[in-house]
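Here is the structure we will look at.
There are 2 protein chains.
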Amino acid sequence: MATSIPPEVDDIGKQGYHHGDLRRVIMNAAVEAIDASGTGGWSMRELARRAGVSHAAPAHHFGDKEGLFTALATEGYTRFAEVLAAAGDDLLELGVAYVDFAADHRALFEVMFRPELFDETDQCLAAARQAAWRALNEGARGLTETAGASASVAAWSIAHGFAELWNSGTLTPPPDTTAGESARPVLKVLLR
Amino acid sequence: MATSIPPEVDDIGKQGYHHGDLRRVIMNAAVEAIDASGTGGWSMRELARRAGVSHAAPAHHFGDKEGLFTALATEGYTRFAEVLAAAGDDLLELGVAYVDFAADHRALFEVMFRPELFDETDQCLAAARQAAWRALNEGARGLTETAGASASVAAWSIAHGFAELWNSGTLTPPPDTTAGESARPVLKVLLR
DNA sequence: ACGATATCTTGTCAACGACAAGATCTAGGA
DNA sequence: TCCTAGATCTTGTCGTTGACAAGATATCGT
Numbered sequence: 007m008a009t010s011i012p013p014e015v016d017d018i019g020k021q022g023y024h025h026g027d028l029r030r031v032i033m034n035a036a037v038e039a040i041d042a043s044g045t046g047g048w049s050m051r052e053l054a055r056r057a058g059v060s061h062a063a064p065a066h067h068f069g070d071k072e073g074l075f076t077a078l079a080t081e082g083y084t085r086f087a088e089v090l091a092a093a094g095d096d097l098l099e100l101g102v103a104y105v106d107f108a109a110d111h112r113a114l115f116e117v118m119f120r121p122e123l124f125d126e127t128d129q130c131l132a133a134a135r136q137a138a139w140r141a142l143n144e145g146a147r148g149l150t151e152t153a154g155a156s157a158s159v160a161a162w163s164i165a166h167g168f169a170e171l172w173n174s175g176t177l178t179p180p181p182d183t184t185a186g187e188s189a190r191p192v193l194k195v196l197l198r
Numbered sequence: 007m008a009t010s011i012p013p014e015v016d017d018i019g020k021q022g023y024h025h026g027d028l029r030r031v032i033m034n035a036a037v038e039a040i041d042a043s044g045t046g047g048w049s050m051r052e053l054a055r056r057a058g059v060s061h062a063a064p065a066h067h068f069g070d071k072e073g074l075f076t077a078l079a080t081e082g083y084t085r086f087a088e089v090l091a092a093a094g095d096d097l098l099e100l101g102v103a104y105v106d107f108a109a110d111h112r113a114l115f116e117v118m119f120r121p122e123l124f125d126e127t128d129q130c131l132a133a134a135r136q137a138a139w140r141a142l143n144e145g146a147r148g149l150t151e152t153a154g155a156s157a158s159v160a161a162w163s164i165a166h167g168f169a170e171l172w173n174s175g176t177l178t179p180p181p182d183t184t185a186g187e188s189a190r191p192v193l194k195v196l197l198r
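Protein chains in written order, with my numbering: chain A, 7 to 198; chain B, 7 to 198.
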């Protein structure tokens, strides 16, 4: 169960040894598998085969399937926080960035908001999630101060709802349009 | 052999024969299981055991796991359409009804918006979903006409987003409050 | 009453998740 | 350089699962 170790920053070189950076390879394979068939349409052994290792190799890095999802959620929240922080302090652009992240990282986004998949007590995950919420609150602070908490929750809800509807294929958007650009006029209805 | 199990409360009318209305019993058990541990935290055989039937009995009613999810999604869309239609033509109340349905039927709502779980080509499902979308468009028609399609998508997104955030446990609402009542002030920000 | 059909059971198989124990590789100190 | 400790991966195993096939039993139409 000792899966929540800080990431190895010295992975760049890798090579040589047994397989390489198996941890990263398995996580990438999991992202592909989730994109292709959801969180339940694949097996650990399948990821291992795709990576060319034995069926029990991934267990050393993640413990079990929950450990893999915990690692994915942690990475998701970490990158989410970075993207949100980079979006600047304009609330509309924050919303666009929110939706774009969800669409560009469907698998991570899906895992992030499905707590039954991962270990909520994991420290690394909790820290990453905190960072994401902080970035979100930071961007919405102006709205919260001027229009109250409900307005901030409304802004969060509209961005999150559009992202979920988009990713589930419920919306039928114009072709050749990014999720964020499709979301912009919708978000503007609230944030004019 | 089939009677060594405590009587199921769902069996009211039927009785007699092998088990009763097994289809309904399995679907109810599935809803409970999904509420308890998500769409992947249980097995068909577990539902069969809980219903007191053999491990292969459910297959006759649903074919496979995808068939069960298809049945659940169909029931979800059917009841969703009813609830939305009963909410009247006030858009705020429609939003409240949307959120309340999601919270009162977490399992159905979750399956409904996860297309990889069910068979999208199923005719019954398609009809039920059409009915739900019709009820939704009906309720938002006024907004669409006066404020455009983006405004309607915005209203859908805010209700859907609040529902998803609520159900995922991301929001931390005041205790002893229903999802719909918590959503009302948030929806009002858009629909004043 | 009786046969057709729907419903359920038993049996089976490959695949899976999880665990244990052994093999192999890497790193770092003697 | 050698050599040990630990990290990484493999092989082997077990109970469970989803799916299928074939047989048993109850219901229903005629």
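No residue lacks a Cβ here, since even glycine has one placed at the ideal position from N, Cα and C.
Cα-Cα separation, residue i to residue j
i, j, result
"A/L100", "B/L74", "39 Å"
"B/D128", "A/C130", "42 Å"
"A/K71", "A/S163", "30 Å"
"A/V195", "B/V195", "11 Å"
"A/D182", "B/D95", "35 Å"
"A/A35", "A/V159", "34 Å"
"B/L193", "A/M50", "42 Å"
"B/A77", "B/H67", "10 Å"
"B/A92", "B/G82", "15 Å"
"B/M33", "A/G154", "42 Å"
"A/D84", "A/G167", "The sequence given here places Thr at residue 84 of chain A; Asp does not occur at that position. About 21 Å."
"B/G44", "B/T152", "40 Å"
"A/A87", "B/T184", "30 Å"
"B/R112", "B/D41", "7 Å"
"B/P191", "A/V37", "37 Å"
"A/E126", "B/A165", "26 Å"
"B/A133", "A/A133", "45 Å"
Residue i at chain B interface by Cβ criterion, 8 Å
i, result
"A/G73", "no"
"A/R198", "no"
"A/T176", "yes"
"A/T45", "yes"
"A/G167", "yes"
"A/E144", "no"
"A/R120", "yes"
"A/A160", "yes"
"A/A65", "no"
"A/A39", "no"
"A/S163", "yes"
Sequence-distant residues of its chain with Cβ nearer than 8 Å to residue i (five each side left out)
i, result
"A/G186", "V102, A103, V105, D106 and A109"
"A/A62", "A54"
"B/T150", "N143, A157 and S158"
"B/E52", "A39"
"B/L97", "G145, A146, G148, L149, A161 and L197"
Interface flag, residue i vs chain A, CB-CB below 8 Å
i, result
"B/A109", "no"
"B/V195", "yes"
"B/V192", "yes"
"B/T183", "no"
"B/E170", "yes"
"B/W48", "no"
"B/S60", "no"
"B/A35", "no"
"B/A157", "yes"
"B/G19", "Note that B/G19 scores a pLDDT of 34, beneath 50, so its modelled location is shaky and nothing firm can be said."
Same chain, Cβ closer than 7 Å to residue i, neighbours up to 5 away in sequence not counted
i, result
"B/V89", "A103 and F107"
"A/A79", "V117, M118, F124 and L131"
"A/L28", "A57, V59, A63 and H67"
"A/L177", "L171"
"A/R135", "Y83"
"B/G46", "none"
Beta-carbon contacts of residue i that lie in its chain and below 6 Å, excluding the five residues immediately before and after
i, result
"B/F115", "A108"
"B/A65", "none"
"A/P179", "S188"
"A/E31", "The residue asked about is misnamed: residue 31 of chain A is Val in this sequence, not Glu. If we look at A/V31 and ignore the five residues flanking it on each side, its Cβ neighbours are A57."
"B/W48", "A39"
"A/P121", "none"
"A/A169", "V105 and A108"
Closer than 7 Å: residue i CB and nearest the ligand FAD heavy atom
i, result
"B/A146", "This structure lacks the ligand FAD, and indeed carries no ligand of any kind."
Query raised in the report: Hey, is the region 166-182 of chain B in contact with the region 130-144 of chain B, meaning 3+ C-beta pairs nearer than 8 Å?
Result: The region 166-182 of chain B is not in contact with the region 130-144 of chain B.
Query raised in the report: Hey, which unbroken runs of the alpha helix (DSSP H) at 4 residues or more fall wholly within the region 34-76 of chain B?
Result: Segments of the alpha helix (DSSP H) lying fully in the region 34-76 of chain B: 50-57 and 63-68.
Query - Unbroken stretches of the alpha helix (DSSP H), 4 residues or longer, contained in the region 108-177 of chain B - result: 112-118, 129-153 and 155-173
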